[in-house]
Structures are given as structure tokens and as C-alpha cells.
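Q: Questions regarding the structure given below will be posed in turn.
Residue numbers (this note's numbering): 387 to 892.
Dropping the structure here:
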């Protein structure tokens, strides 16, 4: 059979694709590219062009040393192999070997046998951003006070620093894994919060605080502070009168003033907010913020009679009562929240999971009349201030599995033991606020004694807040505020002994 009988040969097409590289070749190319990726991210130019008066190796050393020194090549970063870098930099492999040797001599690079060269781990130098000279906005900034302490105190008793009890790590891991198995949402989610979590929160509030609501009345918030800010944004306009407790919660005061509101402080006494003085306000404020369960910061609960009187006044005047029920799950007085007594939509209830689960989660809730809840959710959507959806899903899982309920029981037992330790070891009548909330007040007769007591505690390795810092005007009462959440009974017994030894007056 002749050659023609074997069939026609395929014509060669110049544009036909070349054979694909083998799997081994592709893997090798990927390894090379991966090894060079940190240099590209750090802005190291390749190929290398020698600087005047320098060899290619010297220039390569300068480029790599600069990237390491300014942090663009982070400690622990693996440098490319000498062969890969030589090919991309346009230099000989010996030049790369010489450059790596110089970097190692300078203490910038470590060579690991059989593994390659790595940027040496060590303390990274901070690189401060430039500060403009004479910019007008610089004069409007509020200075941040700098700590002058001689080290970390042995026990920090300042307010709101810890949960009541530590959530078991295994419980959080299970909840987080369950959230991670859910499909990652393409959008931001509902501005009112994950519906599953809102339903869980309404069940939790009904069982733990007697507050009845539906998920449509509930907004998940980034803690109590965000809830307060959203409420102010929804209902307060410039020039509105906003009443607050005196002393009270400083961030709310700042938020109200930032909105142009006229802030009206109302004193508190041994029964909480002076409702008789509230009734005399003319014109009546549009909003009143209060902490009935455990007045912040004096630690007294609002009496039952005053709660009823306040609700009647708010209904008559059309005032919105914002009830901050921080730590309400640990109230042992038996007094119901205002929201549980409200039958006319006068109360917006603010709660938080910071003391039950962990402050770092930044999860709280707002329960309000449905038009107000919808307006708050709309405000969040308009400002694009959505919450982290996977975190919401993990917290919802804690409730769905019953872990949040078990955590509440653990936390309540811990708080009962903490209060018992303080009652047993502190002198009778020394502390106020042992029946509700998570902090107590050690009264002082004057500002000098308050300061002396704070210094004495610091000398014993304890740090506490001073009551004088929470007044809007001139302080009319003094003392120290001590948060016992998360502190063991044994440690609190030691704290009580220290308090017992403090002089009555400086």
C-alpha cells in the first residue's frame, strides 16, 4: 500500500493551541508564583534594575531590607526560592544567594534547612501616619486620657468589664461551627436582625424578665449603646428636651447633645429616679432615659410606686421612656421591668447579652412599639450599619440548643455566690446594691475621701470607678463603684477585707 493509502495527514495550523503542560509542570509553576506573591504584594519591583553604583545583588538587598523594615514583608513570611527569585529578578542564582546571606547577617532573615528563607520573627516597628500642621479639625478633637499606672492591676473592678460567668469555650465552638455550616449570605441580611435570633430574644425576655413582644417588635443591636443611639436618631430632633438620670450614663448624654437635644438631668435618691421632679418638668421632655432595675451608677432600684407613677405620667404627656435594663437578668428584687408593666406603648426596652454571654460579641436588643422598631431598622438600613450576620447566627444557635438558658443558670448561680461573699465579709451597711445588678457602691462622704479610697485600692492591686465621674453637673455624692461580675468569691472576700480597712474619711 502506498503512502497515500495511509490516509491524509493533518495539516499544521499555526494558531492551534500548544499541548497543555503536564500536571507536574503546572504544580511547579504554581509553587514559583506562590513563592513570589509576597514580594509582589510588598511592592518589590521585578525584574531588578541595578541602582547607580550598585551591583544587582546590592540593589536586591536594599529592596528586600526596605520591605522588611517597613512591615510590608511581615515576620514569618517565606521568601521565594533562590532559583525562582533569580528567574524573576533577572539575576544569577549566586546573586540571590549573596543577597539572602547579607540579609541573614543583618538579622532580617532566617534560613531553615530544607524549608527555605523566612523573614525573622521579632518586634515590628510601628509606622505612625503623618499628622498635618494646623489643620482646623485637629482643634476639635477630644484628647484621649493616657494611663499613668505602673502596670496592669491585679484585679480590675471597673464597670462592665466582664460577663457574669464565662461561656464554656466548647459551647461557643459548637455554635460557631453550626453558623459556619450555613450558606454565607450574599447580602447584609435584615436590618432588624436575623429573624431566628429575634424570635429567640423575645422568648428569652419573656422567660427571664416577663417582657412580652413579637419578633416584629424587636431589633437586634450591637449592644445597648447602639440601641440607645438608634433610638435617639429615630425620635429626637435638634432642640428636643431629653431627660436623664443624675448621675447617669455619660455616653447617652454625649449622644443626645450631639443630636442638638437639650439635656435635662433629674436627680436620683434612695428609691431611684425622683419622679416627683420629673412631673414638674415643663415643658415635658420628649424622651426620658432611666435604669430602673439597678440605677446606673448608684445601684439603687426604682421603687414599685415610682414605676407606676412614671408610667401614668408618660402616658399622659406622650413621653417615650427608654428603659436600659442592663444586667436585668440578675435582678433579685422581684420588681418587674417598666416594659413588663407597660400597656400603652410608652416604653422602649433596651437589653444586652454582654453580661450573659460576652461583651466582645456586641449583641443586644431593642423592643419597642412596632412603628418605632420599624423606624429604627430603617435607620440602620439607611446608614448601612448592618450587624455581623454569622455572629447573629451563632448566638441564635446558642439559644436554639438551650446553651444560652444553661449559661443563664450558671451565671445566676455565680452572681448569688459573689453577693454572698460580699455580704458575709464586708461590714454591715458598707456596700449598696447587693440585691440587683452586677456592681456595688461604696459610699464616701466627700471627693477627697473618694480619691483617697481609690488610691488605697490601687495600692492593693485593685482598680475601681469613681462615682464623681458620672455626674453631668457638680457631683452631689461620692464613692467607689465595684463590678463583681466574673470575680471568684475568694477574690471578693479579699476585696471586702480591703474595703473594711478603709478609713471612713480621708
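Yeah, the Cβ is synthetic: ideal placement off N, Cα and C, and Gly gets one too.
If you're wondering where the values come from, they're calculated on a predicted model, not measured in any experiment.
Quick check: the Cα distance between residue 528 and residue 422, rounded to an integer number of angstroms?
A: Taking the first residue of the chain shown as position 1, residue 528 is located at position 142. Taking the first residue of the chain shown as position 1, residue 422 is located at position 36. Answer to the nearest angstrom: the Cα atoms are 45 Å apart.
Q: Which runs of the beta strand (DSSP E) fall wholly inside the region 484-511 and span at least 3 residues, in chain order?
A: If we require 3 residues or more, the beta strand (DSSP E) runs fully inside the region 484-511 come out as 495-498, 502-505.
Q: Under 8 Å, do residue 613 and residue 750 count as touching if we go by C-beta distance?
A: As a first step, residue 613 is located in the chain shown; it is residue number 227 there, counting from the start. As a first step, residue 750 is located in the chain shown; it is residue number 364 there, counting from the start. Contact: yes.
Q: Residue 901 bridges to which residues according to DSSP?
A: Residue 901 cannot be examined here, being either before or after the span of the chain that is shown, 387 to 892.
Q: Quick check on the burial criterion: 16 or more other C-beta atoms within 10 angstroms. Buried or exposed for residue 469?
A: Here residue 469 is taken as the residue at index 83 of the chain shown, counted from 1. Label assigned to residue 469: exposed.
Q: Within the same chain, show all residues whose beta-carbon is closer than 6 Å to that of residue 675, passing over the 5 residues directly before and after it, in chain order.
A: As a working note, residue 675 is residue 289 in the chain shown. So the qualifying residues of the chain are 630, 638, 708.
Q: Per DSSP, which one or two residues make a beta bridge with residue 849?
A: Taking the chain shown and counting its residues from 1, the one referred to as residue 849 is at position 463. BP columns for residue 849 point to 542.
Q: Beta-carbon separation of residue 505 and residue 454 under 8 Å?
A: Position 119 of the chain shown, counted from the first residue, corresponds to residue 505. Position 68 of the chain shown, counted from the first residue, corresponds to residue 454. Yes, the Cβ-Cβ distance between residue 505 and residue 454 is below 8 Å.
Q: Using 8 Å as the threshold, is the C-beta distance between residue 724 and residue 736 below it?
A: Start at 1 with the first residue of the chain shown, and residue 724 comes out as number 338. Start at 1 with the first residue of the chain shown, and residue 736 comes out as number 350. In this structure, residue 736 does not lie closer than 8 Å to residue 724 by Cβ.
Q: Which residues bound the beta strand (DSSP E) around residue 875?
A: Counting from 1 along the chain shown, the entry for residue 875 is found at position 489. Looking at the DSSP string, residue 875 is not in any beta strand (DSSP E); the run it does join, the alpha helix (DSSP H), is 875-886.
Q: Starting from residue 590, trace the alpha helix (DSSP H) both ways and give me its first and last residue.
A: On the chain shown, residue 590 is found 204 positions in, with the first residue counted as 1. Run containing residue 590: 581-595, per the alpha helix (DSSP H) assignment.
Q: Straight-line CA distance for residue 801 to residue 659?
A: Position 415 of the chain shown, counted from the first residue, corresponds to residue 801. Position 273 of the chain shown, counted from the first residue, corresponds to residue 659. In a straight line, the C-alpha of residue 801 is about 25 Å away from that of residue 659.
Q: Work out the CA separation of residue 574 and residue 773 for me, nearest whole Å.
A: For the purposes of this step, residue 773 is taken as the residue at position 387 of the chain shown. For the purposes of this step, residue 574 is taken as the residue at position 188 of the chain shown. Cα to Cα, residue 773 sits roughly 8 Å from residue 574.
Q: Exposed or buried, which one is residue 534 when buried takes at least 16 other CB atoms within 10 Å?
A: Numbered from its first residue, the chain shown carries residue 534 at position 148. Model confidence at residue 534 stands at a pLDDT of 48, short of 50, so the residue's coordinates are unreliable and nothing is read from them.
Q: Go ahead and pull the three-state DSSP assignment for residue 402.
A: Position 16 of the chain shown, counting from 1, holds the residue named residue 402. Only weak support exists for where residue 402 lies, its pLDDT of 48 falling under 50; the coordinates are left without a value.
Q: For residue 474, does the count of other Cβ atoms within 10 angstroms reach 16, so buried, or fall short, so exposed?
A: Position 88 of the chain shown holds residue 474. Residue 474 comes out buried.
Q: Quick one: Cα of residue 706 to Cα of residue 525, how far?
A: Your numbering for residue 706 matches position 320 in the chain shown. Your numbering for residue 525 matches position 139 in the chain shown. When rounded, the distance between both Cα atoms is 36 Å.
Q: With a threshold of 16 other CB atoms inside 10 Å of the CB of residue 890, please say whether the residue is buried or exposed.
A: Here the question's residue 890 lines up with position 504 in the chain shown. With fewer than 16 Cβ atoms within 10 Å of its Cβ, residue 890 is classed as exposed.
Q: At what residues does the beta strand (DSSP E) containing residue 830 begin and finish?
A: Translated into positions along the chain shown, residue 830 becomes position 444. That run of the beta strand (DSSP E) goes 825-830.
Q: In terms of residue numbering, what span does the alpha helix (DSSP H) encompassing residue 627 cover?
A: For the purposes of this step, residue 627 is taken as the residue at position 241 of the chain shown. Run containing residue 627: none in the alpha helix (DSSP H); it sits in the beta strand (DSSP E), 627-632.
Q: If you count every other CB in all the chains shown that lies within 10 Å of the CB of residue 567, and 16 or more means buried, which is it?
A: Numbered from 1 along the chain shown, position 181 holds the residue referred to as residue 567. Exposed: under 16 other Cβ atoms inside 10 Å.
Q: What first and last residue would you give for the alpha helix (DSSP H) that runs through residue 769?
A: Position 383 of the chain shown holds residue 769. That run of the alpha helix (DSSP H) goes 756-769.
Q: Nearest CA to the CA of residue 494: which residue from 479, 522, 460, 477?
A: Counting from 1 along the chain shown, the entry for residue 494 is found at position 108. Closest option to residue 494, Cα to Cα, is 460.
Q: Select from 713, 666, 673, 662 the residue whose C-alpha is nearest the C-alpha of residue 692.
A: The sequence position of residue 692 within the chain shown is 306, counting from 1. The shortest C-alpha separation from residue 692 is found at 662.
Q: If you measure between the beta carbons of residue 593 and residue 789, is that distance less than 8 Å?
A: For the purposes of this step, residue 593 is taken as the residue at position 207 of the chain shown. For the purposes of this step, residue 789 is taken as the residue at position 403 of the chain shown. It is not a contact, given that the beta carbons lie outside the stated cut-off.
Q: What span of residues does the alpha helix (DSSP H) with residue 737 cover, start to end?
A: Counted from its first residue, the chain shown places residue 737 at position 351. Run containing residue 737: none in the alpha helix (DSSP H); it sits in the beta strand (DSSP E), 733-738.
Q: In the DSSP output, what is residue 676 paired with across the bridge?
A: One-based indexing of the chain shown puts residue 676 at position 290. In DSSP, residue 676 forms a bridge with 709.
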